[in-house]
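Working notes, beginning with the structure itself.
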Amino acid sequence: MLKITLVRSLIGRPDSQRKTVRSLGLRKLHSFSILPDSPSIRGQIHKVAHLLHVEDYKEAHADEIARS
Numbered sequence: 394m395l396k397i398t399l400v401r402s403l404i405g406r407p408d409s410q411r412k413t414v415r416s417l418g419l420r421k422l423h424s425f426s427i428l429p430d431s432p433s434i435r436g437q438i439h440k441v442a443h444l445l446h447v448e449d450y451k452e453a454h455a456d457e458i459a460r461s
């Protein structure tokens, strides 16, 4: 699992980058999303890596968030 946080603004960014960030489940600055570690997610992260902070997230924590 990956915890992805939007740390840079989307103002002035191309539409393709805005859509990629939106598809990762991020809307506002400092919002975060917990997603599975898959090649498609990694590709999207690579495309907008300069806007994101990515860290590994243990599945035990993900279960707690999913329940709440």
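Heads up: the sequence shown begins at 394 in the numbering used here, then just goes up one per residue. C-beta: ideal position from N, C-alpha, C; glycine also.
| Item | Value |
| --- | --- |
| Pick from Ile434, Tyr450, Lys451 that is closest to Val414, judged by C-alpha positions | Ile434 |
| Bridge partners - Thr398, DSSP secondary structure assignment | Phe425, His446 |
| Member of Leu403, Ile427, His439, Val441 whose CA lies at the smallest distance from the CA of Ile397 | Ile427 |
| Ile404, DSSP secondary structure in three states | coil |
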